[in-house]
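Please read the structure below before turning to the comments.
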Amino acid sequence: MKKPSVINDLIEKALPVSNDIRNGLSSEEVRQRIKEGLVNKTKRHVTKTYAEIIFSNLISFFNILLVIIAIFMIIAEQYSGLFFLFILFANILIGLFQDIRARMLVDKLSLITNPKATVVRNGVTEEIDIRELVLSDILILKTGDQISIDAIVADGQIAVNESLLTGEAIPFEKNNGDIVLSGSFVTSGSARVRATSVGQANYAEQLQNQAKLFKRPKSDILKSMRLLFRYIGAVIIIFSVAYVLVFSLRGGFADTQGFKNSVGAIAGSLVAMIPSGMYLLTSMTLAVGVIRLASRRMLVQELYSIENLARVDVLCLDKTGTLTDGKMNVKEIIPIDGEDKNTIFKYIATLYQNSDCNNQTALALLDEVGEQTTFEKLKFIPFSSDRKYSAATIKEQGTIIIGAQEIIHSQHTKKTAKLIEKAAKDGYRVLIISKSSEEIDGELPHDLKTIAIAILQDHLRDDAKENIAWFQNNEVAIKIISGDNINTVSEIARQVGVEGFEKAISLEGIDAKDVAKYALKYNVFGRV
Numbered sequence: 005m006k007k008p009s010v011i012n013d014l015i016e017k018a019l020p021v022s023n024d025i026r027n028g029l030s031s032e033e034v035r036q037r038i039k040e041g042l043v044n045k046t047k048r049h050v051t052k053t054y055a056e057i058i059f060s061n062l063i064s065f066f067n068i069l070l071v072i073i074a075i076f077m078i079i080a081e082q083y084s085g086l087f088f089l090f091i092l093f094a095n096i097l098i099g100l101f102q103d104i105r106a107r108m109l110v111d112k113l114s115l116i117t118n119p120k121a122t123v124v125r126n127g128v129t130e131e132i133d134i135r136e137l138v139l140s141d142i143l144i145l146k147t148g149d150q151i152s153i154d155a156i157v158a159d160g161q162i163a164v165n166e167s168l169l170t171g172e173a174i175p176f177e178k179n180n181g182d183i184v185l186s187g188s189f190v191t192s193g194s195a196r197v198r199a200t201s202v203g204q205a206n207y208a209e210q211l212q213n214q215a216k217l218f219k220r221p222k223s224d225i226l227k228s229m230r231l232l233f234r235y236i237g238a239v240i241i242i243f244s245v246a247y248v249l250v251f252s253l254r255g256g257f258a259d260t261q262g263f264k265n266s267v268g269a270i271a272g273s274l275v276a277m278i279p280s281g282m283y284l285l286t287s288m289t290l291a292v293g294v295i296r297l298a299s300r301r302m303l304v305q306e307l308y309s310i311e312n313l314a315r316v317d318v319l320c321l322d323k324t325g326t327l328t329d330g331k332m333n334v335k336e337i338i339p340i341d342g343e344d345k346n347t348i349f350k351y352i353a354t355l356y357q358n359s360d361c362n363n364q365t366a367l368a369l370l371d372e373v374g375e376q377t378t379f380e381k382l383k384f385i386p387f388s389s390d391r392k393y394s395a396a397t398i399k400e401q402g403t404i405i406i407g408a409q410e411i412i413h414s415q416h417t418k419k420t421a422k423l424i425e426k427a428a429k430d431g432y433r434v435l436i437i438s439k440s441s442e443e444i445d446g447e448l449p450h451d452l453k454t455i456a457i458a459i460l461q462d463h464l465r466d467d468a469k470e471n472i473a474w475f476q477n478n479e480v481a482i483k484i485i486s487g488d489n490i491n492t493v494s495e496i497a498r499q500v501g502v503e504g505f506e507k508a509i510s511l512e513g514i515d516a517k518d519v520a521k522y523a524l525k526y527n528v529f530g531r532v
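According to this note's numbering, the sequence shown is numbered sequentially starting from 5.
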C-alpha cells in the first residue's frame with residue numbers, strides 16, 4: 005500500500021491525458037494510469053491484529069509474575085491461596101473485551117459505503133468497482149450517489165452533503181471548477197466530475213486512516229497505576245529473593261512438608277504486595293459510570309473515556325445545528341428607498357424557484373415569498389459557501405444579487421446601514437438584496453444598489469441554554485466557532501449564556517497560520 009505522500013508525488017508526475025469530458029479516458033489512457041500506479045486501490049489499515057491484542061493482554065510483567073507464583077503454589081499443593089487467579093483472569097477478560105470491541109468498531113469504520121461508480125470510458129457509460137477507477141477518470145454523479153473519489157466538477161451542478169466528513173448537515177452547492185470530496189453524498193442535481201486523487205490520497209481515506217489508529221485512550225489513572233506497579237515489581241523481586249534466602253538458611257526447603265509450608269508463606273506474602281485488585285476495582289468503577297451514562301442515553305465506547313471526559317476544560321461548539329437547530333425563518337423583508345415589495349418577492353422567486361437551491365436560507369426565503377410568477381433568467385450563479393451570494397441576470401431587469409452583507413458592498417444610505425447593523429447585533433442574519441444594470445460574469449458588478457434587506461433568524465435549540473450552563477458550572481470553558489457574521493454569532497452566544505460572549509473576533513481575511521494566537525484570547529469566532 006502506497007502512503008499518501010508517495011501517491012501525491014505520482015499524481016504530480018502523472019502524464020497528461022485527454023480532457024474530453026464527453027468520451028472520458030480511452031482504454032490506452034486507462035492502461036497508462038494503471039502502469040503509473042494511479043489506481044484507486046486501498047488496503048485496510050490496522051495497527052493491531054487480534055493475535056497481537058490477545059498477546060499484549062496475556063503477556064505482561066504482573067501476569068507472568070502471578071502465573072509463576074501460582075505454578076509454585078500448585079506444586080506445593082497450596083490450592084486455597086489461588087483465589088488471586090480469579091482477579092487475574094477478570095483483568096485479562098476486561099482488557100480483551102475492551103480491545104477487541106474497539107478493534108471491531110474500527111473494522112466497521114468506512115466512509116465509502118457504495119462499492120460501485122458510474123464512469124465514462126471510450127464514450128461509453130459503465131458501472132465499475134471503485135477500486136478500478138484511475139486518476140483523471142470522468143464520473144457521472146446524480147442525486148443519491150456517494151462520491152467515491154476526490155474530483156473536480158467538469159460539467160454540471162450538484163448539491164453535496166459532506167456531513168460524514170465535516171459534521172455539517174447542510175448541503176453545499178458545487179459548480180464547474182469546485183472540488184468534491186470522497187465520502188460525501190449528492191443530494192440534488194447531476195454533474196460530470198474528473199478524478200483528481202486516488203487511493204490513500206483521497207480525503208476520506210486519510211480520515212479513515214487517522215481514525216483507525218488502534219490504541220487505548222490516554223489515561224492518567226492507567227499511567228499512574230503502571231508507574232506504581234513498576235516500583236512495586238522491583239520491591240517484590242527483591243523481597244522474593246530475600247525470602248528464598250532466609251527460608252533456605254533456616255532449612256525451610258529441607259523436606260517436602262517444609263517446602264510446601266515455605267512456598268505457601270512466600271507466595272502469600274508476595275501476592276499480598278501485588279495490587280492486582282486495583283485494576284479490577286478501577287474497571288468496575290468505570291463500568292458503573294458507563295451504565296449510569298447509558299441510562300441517560302449516552303454512548304460510551306471506552307471505559308477510560310469517562311476519565312478523559314472529567315478532564316475536559318474547553319468545549320468548542322459550532323452555532324448552526326448545535327446551538328440552533330439549523331432551521332431558518334424570515335423575520336422580515338424590508339424594501340429600501342420605496343422599492344416595490346411585490347417586485348422584490350418576484351426577484352427572490354426568480355432566483356430560487358426551480359433552481360435546485362436547497363440550502364436553508366433559500367428555502368426560508370422561498371417559504372416567505374410563496375409561489376410567484378417569475379422573470380426570465382438569462383444567467384444564474386447559485387449560492388456557494390465560498391462566494392456567500394447567489395445571483396441572476398434577468399431579462400429586461402438587470403442583475404439581482406442576494407448575499408452576506410460583508411460580501412455585497414452595494415450602495416445604500418446611512419439609515420439603511422444602521423438598520424443592517426442593528427439587526428446583526430440583535431442576533432439576526434442579514435442578507436442584502438442588490439440590483440445592477442450590468443450582466444453577471446463571475447464577478448460582482450460595480451454599480452450595485454441595495455433594494456431590500458432580508459432579516460432571518462436561527463431557531464435556538466430548546467435545551468441549548470441549559471446545556472451551556474451545565475458545562476460552565478462544571479468549569480468547562482465554551483468556545484463558539486461559526487462561519488456566520490461575528491455580530492450574529494456573538495448575539496446567539498449571549499442568548500444561550502456563553503461567558504465572555506463579548507470577546508468575539510471575525511477570522512475573515514486572517515491567515516490560518518495566525519489563528520492560533522487568537523484561540524485563547526477570544527471565546528466567539530465568526531466567518532471561520
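All C-beta atoms, glycine included, are put in the ideal place defined by N, C-alpha and C. Remember, it's a predicted structure, so these values are computed and weren't measured experimentally.
Within 10 angstroms of the Cβ of Thr403, are there 16 or more other Cβ atoms? Answer buried if so, exposed if not. By the 10 Å Cβ count, Thr403 comes out buried.
Is the beta carbon of Met77 sitting closer than 8 Å to the one on Leu86? yes
Where does the unbroken beta strand (DSSP E) through Gln461 begin, and where does it stop? Lys453 to Leu464
Give the C-beta separation of Val275 and Phe88 to the nearest angstrom, bearing in mind that I take them to be a contact with Cβ-Cβ under 8 Å. Right, the Cβ-Cβ distance comes to about 5 Å (below 8 Å), so this counts as a contact.
So who's on the other strand from Asn126, going by DSSP bridges? By DSSP's assignment, Asn126 forms no beta bridge with any residue.
Run the CB neighbour count on Gly407, radius 10 Å, all protein chains shown included, and call it buried at 16 or more, exposed below. Gly407 is buried by the Cβ-count criterion.
In chain order, what residues of the same chain lie with their CB nearer than 8 Å to the CB of Phe59, ignoring the 5 residues before and after it? none
Count Cβ pairs between the region 466-477 and the region 435-449 that sit closer than 8 Å; are there 3 or more? Flag = no, the region 466-477 and the region 435-449 do not touch.
Per DSSP, Ser194 is paired with what? Lys146 and Gln161
With distances taken from CA atoms, which of Val190, Glu130 and Leu185 is nearest Asp149? Of Val190, Glu130 and Leu185, the smallest CA-CA separation from Asp149 is found for Val190.
DSSP on Ala468, reduced to helix/strand/coil? helix
Measure from the alpha carbon of Ile25 to the alpha carbon of each residue in Ala291, Ile156, Phe233 and Leu97, then state which is nearest. Relative to Ile25, the option among Ala291, Ile156, Phe233 and Leu97 whose CA is nearest is Ile156.
Go to Tyr393, then tell me how far its beta strand (DSSP E) extends in each direction, as first and last residue. Tyr393 to Ile398
Quick check on Met5: does DSSP put it in helix, strand or coil? Residue placement at Met5 cannot be trusted, given a pLDDT of 48 that sits under 50; the coordinates are not used to answer.
Might you give, ordered along the chain, the residues of its own chain that have their beta carbon closer than 6 Å to the beta carbon of Ile98, omitting 5 neighbours on each side? Ser287
Classify Ser223: buried if its beta carbon has 16 or more other beta carbons within 10 angstroms, exposed otherwise. buried
Exposure label - Asp371; buried when at least 16 CB within 10 Å: So Asp371 ends up on the exposed side.
Please confirm if the region 228-236 is in contact with the region 27-38, defined as three or more CB-CB distances below 8 Å between the two stretches. no
My understanding is that Ile144 touches Ile104, with C-beta atoms under 8 Å, so please give their C-beta distance in whole angstroms. That belief does not hold up - the Cβ atoms of Ile144 and Ile104 are roughly 41 Å apart, past 8 Å.
Return the residue from the list Glu503, Leu185 and Arg531 that minimises the CA-CA distance to Asp3. Examination of residue 3 is not possible in this model, given that the chain is present from 5 through 532 alone.
8 Å contact criterion, which Val373 and Ile352 should meet: CB distance rounded: 5 Å
Taking only the alpha-carbon atoms, compute the straight-line gap between Pro136 and Thr147 and give it to the nearest angstrom. According to the sequence shown, residue 136 is Glu rather than Pro. If you take the alpha carbons of Glu136 and Thr147, they lie about 22 Å apart.
Asp141 and Ala195 - do their beta-carbons sit closer together than 8 Å? no
Take every Cβ of the region 495-503, pair it with every Cβ of the region 320-332, and state whether three or more of those distances are shorter than 8 Å. yes
Taking a contact to mean a Cβ-Cβ separation below 8 Å, would you say Thr354 touches Thr378 in this structure? The answer is yes: Cβ separation under 8 Å.
Are the region 418-435 and the region 457-465 touching by the rule of at least three beta carbon pairs closer than 8 Å? yes
Continuous alpha helix (DSSP H) assignments of at least 4 residues falling wholly in the region 337-362: 345-356
Among residues of its own chain, excluding the 5 on either side of Asn180, which ones have a beta-carbon nearer than 6 Å to its beta-carbon? Val157
Let's see if you can read the secondary structure: which residues bound the alpha helix (DSSP H) around Val365? It is worth fixing the name first, because residue 365 is Thr in this sequence and not Val. Taken as a continuous stretch (DSSP letters only), the alpha helix (DSSP H) holding Thr365 covers Gln364 to Val373.
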